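S.K.:
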Amino acid sequence: MKFGVGQPVRRVEDKRFITGRGRYVADHAVPGQAHAAIVSSPHAHARILGLDVSAAAAAPGVLAVLTGADVLADGLGGIPPLFMPQNAQGPFGYRTLRPILIPDIVRAVGERVAMVIAETPAQARDAADLIEVDYEPLDAVVTLEAAVAEGAPAVWPDCPGNVSFSLTHGDPAATDAAFAKAAVTVALRLENNRIIANAMEPRAALGLYDAADETYTLYATSQNPHGFKEMIARDVLGIPATRLRVIAPDVGGGFGAKADCYPEDALVLWAARRVGRPVKWVGTRSEGLMGDNHGRDQLVHAELAADAEGRVLAVRARALHAIGAYHFSAGVAPLLYSLRYIPGVYAIDTVDLETRAVFTHTSPLGVYRGAGRPEAIYVIERLMDELATRLGISPVDVRRRNFVPPARMPYKTQTGAVYDTGEFEALFDKALALADWDGFDARRSESEARGRLRGRSVAYYIEHAGIYNDRMEIRFDPTGSATILAGTHSHGQGHATAFAQLVSEQLGIPFEAIGYIQGDTDKVMIGRGTYAARSSLIGGSALKLAGDKIIEKGRRIAAWKLGVEPDEITFDAGMFVARSTNRSMHMTEVAIASFQARGVPEEFALGLSAAATYSGDVPNYPNGCHVCEVEIDPETGAVELAAYAVVDDVGVVINPMIVEGQVHGGLAQGIGQALLEHIVYDPDSGQLVTGTFNDYCMPRADNLGPLAMAHHNVPCLTNPIGVKGCGESGAIGAPPAIMNAILDALRPLGVAHLDMPATPSRVWAAIAAARRAAA
Amino acid sequence: MAHVELTVNGRAHRLACEDRTLLVTLLRDALGLTGTHIGCDTSQCGACVVHVDGRAVKSCTMLAAQASGSAVTTIEGLADGERLHPLQAAFREHHGLQCGYCTPGMIMSGVDIIRRHEGVLDEHIVREELEGNICRCTGYYNIVKAILAAAEDYPESAAPLKAEPARV
Numbered sequence: 001m002k003f004g005v006g007q008p009v010r011r012v013e014d015k016r017f018i019t020g021r022g023r024y025v026a027d028h029a030v031p032g033q034a035h036a037a038i039v040s041s042p043h044a045h046a047r048i049l050g051l052d053v054s055a056a057a058a059a060p061g062v063l064a065v066l067t068g069a070d071v072l073a074d075g076l077g078g079i080p081p082l083f084m085p086q087n088a089q090g091p092f093g094y095r096t097l098r099p100i101l102i103p104d105i106v107r108a109v110g111e112r113v114a115m116v117i118a119e120t121p122a123q124a125r126d127a128a129d130l131i132e133v134d135y136e137p138l139d140a141v142v143t144l145e146a147a148v149a150e151g152a153p154a155v156w157p158d159c160p161g162n163v164s165f166s167l168t169h170g171d172p173a174a175t176d177a178a179f180a181k182a183a184v185t186v187a188l189r190l191e192n193n194r195i196i197a198n199a200m201e202p203r204a205a206l207g208l209y210d211a212a213d214e215t216y217t218l219y220a221t222s223q224n225p226h227g228f229k230e231m232i233a234r235d236v237l238g239i240p241a242t243r244l245r246v247i248a249p250d251v252g253g254g255f256g257a258k259a260d261c262y263p264e265d266a267l268v269l270w271a272a273r274r275v276g277r278p279v280k281w282v283g284t285r286s287e288g289l290m291g292d293n294h295g296r297d298q299l300v301h302a303e304l305a306a307d308a309e310g311r312v313l314a315v316r317a318r319a320l321h322a323i324g325a326y327h328f329s330a331g332v333a334p335l336l337y338s339l340r341y342i343p344g345v346y347a348i349d350t351v352d353l354e355t356r357a358v359f360t361h362t363s364p365l366g367v368y369r370g371a372g373r374p375e376a377i378y379v380i381e382r383l384m385d386e387l388a389t390r391l392g393i394s395p396v397d398v399r400r401r402n403f404v405p406p407a408r409m410p411y412k413t414q415t416g417a418v419y420d421t422g423e424f425e426a427l428f429d430k431a432l433a434l435a436d437w438d439g440f441d442a443r444r445s446e447s448e449a450r451g452r453l454r455g456r457s458v459a460y461y462i463e464h465a466g467i468y469n470d471r472m473e474i475r476f477d478p479t480g481s482a483t484i485l486a487g488t489h490s491h492g493q494g495h496a497t498a499f500a501q502l503v504s505e506q507l508g509i510p511f512e513a514i515g516y517i518q519g520d521t522d523k524v525m526i527g528r529g530t531y532a533a534r535s536s537l538i539g540g541s542a543l544k545l546a547g548d549k550i551i552e553k554g555r556r557i558a559a560w561k562l563g564v565e566p567d568e569i570t571f572d573a574g575m576f577v578a579r580s581t582n583r584s585m586h587m588t589e590v591a592i593a594s595f596q597a598r599g600v601p602e603e604f605a606l607g608l609s610a611a612a613t614y615s616g617d618v619p620n621y622p623n624g625c626h627v628c629e630v631e632i633d634p635e636t637g638a639v640e641l642a643a644y645a646v647v648d649d650v651g652v653v654i655n656p657m658i659v660e661g662q663v664h665g666g667l668a669q670g671i672g673q674a675l676l677e678h679i680v681y682d683p684d685s686g687q688l689v690t691g692t693f694n695d696y697c698m699p700r701a702d703n704l705g706p707l708a709m710a711h712h713n714v715p716c717l718t719n720p721i722g723v724k725g726c727g728e729s730g731a732i733g734a735p736p737a738i739m740n741a742i743l744d745a746l747r748p749l750g751v752a753h754l755d756m757p758a759t760p761s762r763v764w765a766a767i768a769a770a771r772r773a774a775a
Numbered sequence: 001m002a003h004v005e006l007t008v009n010g011r012a013h014r015l016a017c018e019d020r021t022l023l024v025t026l027l028r029d030a031l032g033l034t035g036t037h038i039g040c041d042t043s044q045c046g047a048c049v050v051h052v053d054g055r056a057v058k059s060c061t062m063l064a065a066q067a068s069g070s071a072v073t074t075i076e077g078l079a080d081g082e083r084l085h086p087l088q089a090a091f092r093e094h095h096g097l098q099c100g101y102c103t104p105g106m107i108m109s110g111v112d113i114i115r116r117h118e119g120v121l122d123e124h125i126v127r128e129e130l131e132g133n134i135c136r137c138t139g140y141y142n143i144v145k146a147i148l149a150a151a152e153d154y155p156e157s158a159a160p161l162k163a164e165p166a167r168v
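First to last, the protein sequences are chains A and B. FYI, the numbering for the first sequence is 1 to 775, going by the numbering used here. FYI, the numbering for the second sequence is 1 to 168, going by the numbering used here.
#1: With 16 other CB atoms within 10 Å as the buried threshold, where does A:V12 fall?
#2: List the endpoints of the continuous alpha helix (DSSP H) containing A:A459.
#3: Please list, in chain order, all residues of the same chain as A:V251 whose beta carbon is under 6 Å from its beta carbon, the five residues on each side excluded.
#4: At a Cβ threshold of 7 Å, is B:L130 touching chain A?
#5: Could you name the residues of chain A that B:L15 contacts, counting a contact when the two beta carbons are closer than 8 Å?
#6: Which residues does DSSP pair with A:K412 in a beta bridge?
#7: When you compare the CB of A:A668 with every CB in chain B, is at least one pair closer than 7 Å?
#8: Who are the Cβ neighbours of B:D153 in its own chain at under 6 Å, not counting the five residues just before and after it?
#9: Could you name the residues of chain B that A:N620 contacts, counting a contact when the two beta carbons are closer than 8 Å?
#10: When you check each C-beta in the segment 692-710 of chain A against every C-beta of chain B, which residues fall closer than 7 Å?
#11: Considering only residues of the segment 434-503 of chain A, which uninterrupted beta strand (DSSP E) runs meet the minimum length of 3 residues and lie entirely inside it, listed in chain order?
#12: If I'm right that A:P278 touches A:L206 with Cβ under 8 Å, what's the distance once you round it to whole angstroms?
#13: Grouping DSSP H, G and I as helix and E and B as strand, with all else coil, what is A:A542?
#14: Would you decide whether A:D352 is buried or exposed? Buried here means 16 or more other CB atoms lie within 10 Å of its CB.
#15: Identify which residue in A:G4, A:R112, A:D70 and A:H489 has its Cα closest to the Cα of A:P249.
#16: Going along the segment 376-391 of chain A in order, which residues come within less than 7 Å of chain B, judged by CB to CB distance?
#17: Identify whether A:I18 lies in helix, strand or coil by the three-state DSSP scheme.
#18: Is the shortest distance between the beta-carbon of B:Q44 and the beta-carbons of chain A less than 7 Å?
#19: So with Cβ pairs under 7 Å, would you call B:I113 a contact of chain A?
#20: Does the beta carbon of A:F17 sit closer than 7 Å to a beta carbon anywhere in chain B?
#21: Are the C-beta atoms of A:R203 and some chain B residue less than 7 Å apart?
#22: So, A:V155 versus A:A325, is the Cβ gap smaller than 7 Å?
#23: What are the residues of the segment 4-15 of chain A that lie near chain B, defined by any Cβ-Cβ distance shorter than 9 Å?
#24: I need the boundaries of the beta strand (DSSP E) containing A:R772, first residue and last residue.
#25: Restricting to runs no shorter than 3 residues, where is the beta strand (DSSP E) found entirely within the segment 620-657 of chain A?
#26: At 9 Å on the CB atoms, spell out the chain B contacts of A:Y368, in chain order.
#27: Can you pull out the residues from the segment 181-200 of chain A whose beta carbon lies closer than 7 Å to at least one beta carbon of chain B?
#28: Using beta-carbon positions only, say whether A:R296 and A:Y341 come within less than 7 Å of one another.
#29: On the DSSP bridge assignment, give the partners of A:V141 in chain order.
#30: Need the endpoints of the beta strand (DSSP E) that B:H13 sits in, please.
#31: Check whether the Cβ atoms of A:S779 and A:F3 sit closer than 7 Å, and answer yes or no.
#32: Quick check: what's the CA-CA separation for A:D52 versus A:I38?
#33: For A:A64 versus A:W281, is the C-beta distance shorter than 7 Å?
#34: Skipping 5 residues on each side, what residues in its chain have a beta carbon closer than 7 Å to that of B:V24?
#35: Can you say whether A:I592 is buried or exposed, counting buried as having 16 or more other CB atoms within 10 angstroms of its CB?
#36: Please list, in chain order, the chain B residues whose beta carbon lies closer than 9 Å to that of A:V251.
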């Protein structure tokens, strides 16, 4: 089937993007719109003593200047975190409420202090620069170890020590016993570097207010418009949600950072009401680097105990995870997953894991591609290589001795995950073959002949894909074509294509005629958007269930039209066939009949549509293997990816072209984390050092190298369509693969450890230090 | 105020704007050509690449006034009506885009790369040449493929399908 499941169907959404006709938030212009600029805090921690807006208010074109005092005067609420551990029977954490403009104390560089609304963007920016804020700088703390040190400045006075909560897994006593009897133990101190999503479209917001019926409309750069609506209406504006419509039009990437609303999303709505004009704010990249949610920023002391053959007996980890100045968005999720997936794909019977949520004077932690799974897999995969090194066995053998075998599926980890499927060793062997693992020596000799060091690694990831329920609807129209109304939200993932493939195949209707609607809270009843690799599982499964309902109703309609009993009707490839006769009707004809102006039995109700919900309570477990070879110039420390192979198990594939693209993108972000990217705050001043693309190194085309890809797909058993997620896998597998390959190249020189990002200067310094030590 | 006269996608325009107005701002806000995007504020990302007198330019690095007297082509002017430019078609065929935000700049840069190398490209050249364009979705793998594929259609792929108009 040309457009069926499993086909690399070219994307239906592409035409508008390749011709410049995409419509992102910043591209929307509404009559009378005014423009907003934000005044950001230049201090990591400071008390606002005074704010002089008089010059700004008098500047050309200025319509209004709004401050934290105005927010308080208008009785607006703050933005709470999406959830806290206590909302899920977890420990009690220190809950924060983030004001949309800060009235008193700023707790990070980039906090929003005031907003100027003017006739043009330039006038708003000019006037914003005229606002004088009198700050009393206070001591700030931006790094994890400093934040938990004795006497550290408190981000929140009633949370001394800066620890909001701790999460734990496992059995400390059993772990101590396992370590006591172990033949070998290894320990690592690992930094998982603070990074940022940096979707190419900076965040933007356009707010409209209709004074006549007191309704608001927000155009938002959102992965989750219904979530924005709920939070802004309930928590910030305090209005019935019926008065707010949120539209997420074309959205230029999200990667988690656009999953939940930010202060500006509420500010433009409030400002639109205050000035009586639509208000548009378009963030700059610098504002994004300062003020978007960040990801990772975790410090782990990890230990592993094994027997003499390298079978893992226990893992212990003590982690600190920086949550920034506020609990914000789903920032608790990375902590949860960073522990739960430490066992990875290995049969580890004993664990003792703990992480602490630590406030720092920085932009908040959010969810970023992988959200905790990259942290977890980084810990176990670094430990596995450390163990192999200690025992003098290969990284292949140490993994082989510890895989959970297919015979033990479903397998419950000590951290509570239940893997339904997974052929880890078979997939592993496929990856080793694809990478020509055994031919490495020749390639290393060749590199060495050119004065380069060559190292290799093999890393295995598993991840948790899918969360929360969602609702999908299929709605036919009187001409017999169907539209999908999606609760999920595509911002690059190609849902308009992949979901239409599913529906076309199930219902046997023409792919080209299927419509697709998403991202508008007035059109879609409810949805939770797209993140956490959830949409194939939950959106796809809900669509399948909605399709089942369509077929069931279609069967009754066909029976009515064909004059037989419904149980005599069979359905296959779009045709309803009356078994006892040779009569049949196509789905399209049935749909048209359902809309007849006369004669439709009342119990059918008019038209043909169905909505279905799929619960995301049982996730799926995509997994796979990355084999990496690096070449290092010892004179400059530059690391080149000389060869890279990826084999994934993503279950049933709806569109292999889209899946491959998702793996590519995740991989590039994982490569970025390992080699290039780092959000750096100056530890003394709390200033953001990496505030532009000059300083924050994004992966370029020439940072990536050759790539071989293959699949070893095992259909998932716990969902009706057999899919596993694919959006996050690359970002999870790449960091440990690359770091382990670099260490493999450098260990002969005496380099035992490196943290991410492995920039040339860090690699060069490590080589130089090792040479000095050896001299 | 600056007075700017230029042709954009074959149409002549005469506009007044603030002296400091960037070409990208003029294209987007004054002319409504929102296919040209802004992805950074330091001229690194390349989402704003257009052609000025046939050469790729980051339209955020150029004042609108500097473009006066020039012929500008944006992503909206690359195809010939409904007939896609070979590089546009290659981006779709090879899945060279996901969210689409960097895509206009990538395509405009790609056409320029094909032109400057007269269609003779290899993967290494394309990767090096794309230094000034950032994509966060695709890992560049399929963008490189698309540009290499369209280079096969040289010389048609080396310029907009409709000939550049005469200078004003």
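Note that the Cβ used here is the ideal one computed from N, Cα and C, for glycine as well. Owing to the predicted nature of the structure, the values given are computational and were not obtained by experimental measurement.
M.R.: Here's the rundown:
#1: On the first sequence, residue 12 of chain A is found 12 positions in, with the first residue counted as 1. Buried, since its Cβ has 16 or more Cβ neighbours within 10 Å.
#2: Taking the first residue of the first sequence as position 1, residue 459 of chain A is located at position 459. Element bounds for A:A459: not the alpha helix (DSSP H) but the beta strand (DSSP E), L453 to I462.
#3: Here the question's residue 251 of chain A lines up with position 251 in the first sequence. Closer than 6 Å at Cβ, skipping near neighbours: T221 and H491.
#4: Taking the first residue of the second sequence as 1, we reach residue 130 of chain B at position 130. Judged by the 7 Å Cβ criterion, B:L130 is in contact with chain A.
#5: The residue labelled residue 15 of chain B in the question sits at position 15 within the second sequence. Within 8 Å Cβ-Cβ: nothing; B:L15 doesn't reach chain A, min ~15 Å.
#6: By 1-based counting over the first sequence, the position of residue 412 of chain A is 412. Note: A:K412 sits in a beta bridge opposite A:V418.
#7: In the first sequence, the residue the question calls residue 668 of chain A occupies position 668. Cβ-Cβ to chain B under 7 Å: yes for A:A668.
#8: Here residue 153 of chain B refers to the residue found at position 153 of the second sequence. Only P86 meet the Cβ criterion.
#9: Indexing the first sequence from 1 puts residue 620 of chain A at position 620. Chain B residues near A:N620: none, gap ~22 Å exceeds 8 Å.
#10: Residues T692, F693, N694, M698, R700, A701, D702, L704 and L707.
#11: Note on the segment 434-503 of chain A: whole beta strand (DSSP E) runs with a minimum of 3 residues are 453-462, 470-476 and 482-486, in chain order.
#12: For the purposes of this step, residue 278 of chain A is taken as the residue at position 278 of the first sequence. For the purposes of this step, residue 206 of chain A is taken as the residue at position 206 of the first sequence. Indeed they touch by this definition, with Cβ atoms about 7 Å apart.
#13: For this step, residue 542 of chain A is matched to residue 542 along the first sequence. Of the three classes helix, strand and coil, the one that applies to A:A542 here is helix, per DSSP.
#14: Position 352 of the first sequence, counted from the start, is the residue given in the question as residue 352 of chain A. Buried, because 16 or more other Cβ atoms sit within 10 Å of the Cβ of A:D352.
#15: For this step, residue 249 of chain A is matched to residue 249 along the first sequence. Closest option to A:P249, Cα to Cα, is A:H489.
#16: none
#17: Your numbering for residue 18 of chain A matches position 18 in the first sequence. If DSSP states are grouped into helix, strand and coil, A:I18 belongs with the helices.
#18: Stepping through the second sequence from its first residue, residue 44 of chain B is reached at position 44. Yes, contact with chain A.
#19: What you label residue 113 of chain B is simply residue 113 of the second sequence in a count that begins at 1. No, its Cβ sits nowhere closer than 7 Å to a Cβ of chain A.
#20: As a position in the first sequence, residue 17 of chain A is number 17, starting the count at 1. Taking Cβ atoms only, chain B reaches closer than 7 Å to A:F17, which makes this a yes.
#21: What you label residue 203 of chain A is simply residue 203 of the first sequence in a count that begins at 1. Closer than 7 Å: no.
#22: Position 155 of the first sequence, counted from the first residue, corresponds to residue 155 of chain A. Position 325 of the first sequence, counted from the first residue, corresponds to residue 325 of chain A. In contact: A:V155 and A:A325 (Cβ atoms closer than 7 Å).
#23: P8, R10, R11, E13, D14 and K15
#24: Here residue 772 of chain A corresponds to residue number 772 of the first sequence, with the count starting at 1. It is not in any beta strand (DSSP E) - A:R772 instead sits in the alpha helix (DSSP H) that spans P760 to A774.
#25: 623-632 and 639-649, all fully within the segment 620-657 of chain A.
#26: The residue labelled residue 368 of chain A in the question sits at position 368 within the first sequence. Here the premise fails: no neighbours, minimum Cβ distance about 12 Å.
#27: N198, A199 and M200
#28: Here residue 296 of chain A corresponds to residue number 296 of the first sequence, with the count starting at 1. Here residue 341 of chain A corresponds to residue number 341 of the first sequence, with the count starting at 1. Result no, Cβ atoms of A:R296 and A:Y341 do not sit closer than 7 Å.
#29: Along the first sequence, one-based indexing puts residue 141 of chain A at 141. Looking at the DSSP output, A:V141 bridges to nothing.
#30: Here the question's residue 13 of chain B lines up with position 13 in the second sequence. It spans R11 to C17 - the beta strand (DSSP E) in which B:H13 sits, taken as one unbroken run.
#31: Limits of chain A in this structure are 1 at one end and 775 at the other, which puts residue 779 of chain A out of reach.
#32: To locate residue 52 of chain A, count along the first sequence from 1; it is residue 52. To locate residue 38 of chain A, count along the first sequence from 1; it is residue 38. A direct Cα-Cα distance of roughly 15 Å separates A:D52 from A:I38.
#33: The residue given as residue 64 of chain A occupies position 64 in the first sequence. The residue given as residue 281 of chain A occupies position 281 in the first sequence. No, these two residues do not count as a Cβ contact at 7 Å.
#34: In the second sequence, the residue the question calls residue 24 of chain B occupies position 24. Excluding sequence neighbours, B:V24 sits near T36, I38, C48, S59 and C60.
#35: Taking the first residue of the first sequence as 1, we reach residue 592 of chain A at position 592. So A:I592 counts as buried.
#36: Against the first sequence, residue 251 of chain A aligns to sequence position 251. By Cβ distance, chain B contributes C99 and Y101.
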